[in-house]
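This report refers to the structure that appears directly beneath it.
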Amino acid sequence: DFGDILGGLGDVFSFGDLFGGRRRGGPKRGSDLRYDLEITFDEAAKGTETTIQVPRLETCATCHGSGAASGTSPVTCPHCRGTGQIRRQQGFFTIAHTCGQCRGAGRIVQKPCLTCHGATQVQADRKLTVKIPAGIATGQRLRLHGEGEHGVASGPPGDLYVVIGVQEHAFFRRDGNDLVFEMPVSYPTLALGGEITVPTLDGTDKLKIPEGTAAGSTFRLRSKGMPDVSGRGRGDLYVNVQVDVPKKLSKDQKSLLQQLAKALPADKFEPRAQDASEDRNLFDRVKDIFG
1 DFGDILGGLG DVFSFGDLFG GRRRGGPKRG SDLRYDLEIT FDEAAKGTET
51 TIQVPRLETC ATCHGSGAAS GTSPVTCPHC RGTGQIRRQQ GFFTIAHTCG
101 QCRGAGRIVQ KPCLTCHGAT QVQADRKLTV KIPAGIATGQ RLRLHGEGEH
151 GVASGPPGDL YVVIGVQEHA FFRRDGNDLV FEMPVSYPTL ALGGEITVPT
201 LDGTDKLKIP EGTAAGSTFR LRSKGMPDVS GRGRGDLYVN VQVDVPKKLS
251 KDQKSLLQQL AKALPADKFE PRAQDASEDR NLFDRVKDIF G
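In structure tokens:
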């Protein structure tokens, strides 16, 4: 397009300046800011409120953003006569470029403010209270409207984005709004069945283990996971049971286990399948593995 054709002329004059675009000294929106906030897993699960301190540029309170010392005011730039642009005639074209004296502001500060030194803004720390909703996850962000850097020349302020990082839990693993927990269970409980106590976000809950439960089996506790950040219910808690093998045994325990080992079938591989063809295919694969 026409803008692309004139793109190479940017070093001489800007495309906006060529047709009398908005001068640079006009209102300018403040920059957006990012603040990284790390919270605990429990804080993410229950929601929390915390205070943060954000460094940002604010309008100078001494000169109220004029850049001029107390008792003085900026004066109209004599070079551009307040337009912020210098125009030159070249053939059929009138070329406009930013005034180098006032830098497009149209005004000149003769006596700078002692606080901001004419910059109109100063660096300051802003304390803010941030409400974090329950169920928030790592990478999600909260937008605080108007809490970014102040605008220039009465321009609107930017926004502040608080980016959340959630610490890992000691034993819960998060999968969306669901939680996964590996629960060590004794072999007798898996073999004979029983009831175990499972930790949850709200405390503890009871879980029934059926007789003959295999290690690696997973049980679901509905609505025991993380809250949805939008407030629509909760995820589930998935309990994956694993055999709790004791590292040290007493003589009596060893004796009992040895008696049990004699009473149980010897360990051996027995391929199981739904039908003969599946059994044959599985056995063939095992033969291929072991030669």
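So in our numbering, spot 83 of the sequence shown is number 83, and the numbers just go up one at a time.
Every residue, glycine too, gets a C-beta built ideally from N, C-alpha and C.
Return the first residue and the last residue of the alpha helix (DSSP H) that Lys28 is part of. In this chain, Lys28 is not harboured by any alpha helix (DSSP H), its DSSP state being neither H nor E.
With a threshold of 16 other CB atoms inside 10 Å of the CB of Phe171, please say whether the residue is buried or exposed. With a threshold of 16 other beta carbon atoms within 10 Å, Phe171 falls short and is exposed.
Taking 9 Å as the threshold (beta carbon to beta carbon), is Val243 in contact with chain C? The structure shown contains no chain C; it holds only a single protein chain.
For the beta strand (DSSP E) containing Asp205, name the first residue and the last one. Per DSSP, the continuous beta strand (DSSP E) segment holding Asp205 begins and ends at 203-209.
Coarse secondary structure for Lys251, derived from DSSP in three states: Note: Lys251 maps to helix in three-state DSSP.
Return helix, strand or coil for Asp279, following the three-state DSSP convention. Note that Asp279 has pLDDT 46, beneath the 50 cutoff, so the model's placement of it is unreliable and no number is given.
I believe Leu237 touches Leu179 by the beta-carbon criterion, under 8 Å. Please report the beta-carbon distance rounded to the nearest angstrom. Indeed they touch by this definition, with Cβ atoms about 5 Å apart.
Report yes if the CB atom of Asp244 is closer than 9 Å to the CB atom of Val198, and no otherwise. Remark: C-beta atoms of Asp244 and Val198 do not approach each other more closely than 9 Å.
Where Thr149 sits in the DSSP three-state scheme: One point to set straight first is that residue 149 is Glu, not Thr, in the sequence displayed. Three-state result, Glu149: coil.
Quick check on the burial criterion: 16 or more other C-beta atoms within 10 angstroms. Buried or exposed for Gln110? Classification of Gln110: exposed, given that the 10 Å Cβ count is below 16.
Arg34, buried or exposed, once every other Cβ within 10 Å from all chains shown has been counted against 16: So Arg34 ends up on the exposed side.
Using three-state DSSP, classify Thr115 as helix, strand or coil. In this structure, Thr115 counts as coil in the three-state DSSP scheme.
Looking at C-beta atoms only, is the number of pairs between the region 79-88 and the region 132-146 that lie closer than 8 Å three or more? In short, these stretches do not touch, since the Cβ pair count stays below three.
For Gln51, which option in Gly71, Thr200, Arg29, Asp125 has the closest C-alpha, if you only look at C-alpha atoms? Correcting the residue type first, residue 51 is Thr in the shown sequence and not Gln. Ranking Gly71, Thr200, Arg29, Asp125 by CA distance to the CA of Thr51 puts Asp125 first.
Tell me whether the region 96-108 and the region 66-77 touch, counting them as touching only if at least three CB pairs, one residue from each stretch, are closer than 8 Å. Between the region 96-108 and the region 66-77, the count of Cβ pairs shorter than 8 Å is three or higher; the stretches touch.
Option nearest Lys206 by Cα separation, candidates Leu192, Arg222, Gly30: Nearest C-alpha to Lys206: Arg222.
Taking buried to mean at least 16 other C-beta atoms within 10 Å of its own C-beta, is Gln85 buried or exposed? By the neighbour-count rule (16 or more Cβ atoms within 10 Å), Gln85 is buried.
Return the chain-ordered ranges of every alpha helix (DSSP H) run that is complete within the region 167-229 and spans a minimum of 4 residues. Annotation: the region 167-229 contains the following complete segments of the alpha helix (DSSP H) (minimum length 4 residues), in chain order: 187-192.
Can you tell me whether Arg22 is buried or exposed? The criterion is at least 16 other CB atoms within 10 Å of its CB, across all chains shown. Model confidence at Arg22 stands at a pLDDT of 47, short of 50, so the residue's coordinates are unreliable; what they give is reported in the following sentence. Exposed is the call here.
Are the region 207-217 and the region 149-160 in contact at 8 Å, needing three or more beta carbon pairs? Judged by Cβ distances under 8 Å, the region 207-217 makes no contact with the region 149-160, as fewer than three pairs qualify.
Express the C-alpha separation of Ser31 and His169 in angstroms, rounding to a whole number. In this model, His169 and Ser31 are separated by some 35 Å (Cα to Cα).
Taking just the CA atoms, how far does Leu257 sit from Leu264? If I take the Cα positions, the gap works out to 10 Å.
Count the other CB atoms, across all protein chains shown, that sit within 10 Å of the CB of Thr94; report buried if there are 16 or more and exposed otherwise. Residue burial is scored here from C-beta neighbours: Thr94 has fewer than 16 other C-beta atoms within 10 angstroms and is therefore classed as exposed.
Inspect the beta-carbon positions of Cys102 and Thr62 and report whether they are closer than 9 Å. Not closer than 9 Å, so no.
In terms of residue numbering, what span does the beta strand (DSSP E) encompassing Asp236 cover? That residue, Asp236, is in no beta strand (DSSP E); it is neither H nor E in DSSP.
Under three-state DSSP, which class holds Phe92? Coil at Phe92, not helix or strand.
Going straight from the alpha carbon of His150 to that of Lys28, what length do you get? Cα-Cα distance, rounded: 9 Å.
Mind checking which residues open and close the alpha helix (DSSP H) that includes Phe137? As written in the sequence, residue 137 is Ala, which differs from the Phe given in the question. For Ala137, there is no enclosing alpha helix (DSSP H), as DSSP marks it with neither H nor E.
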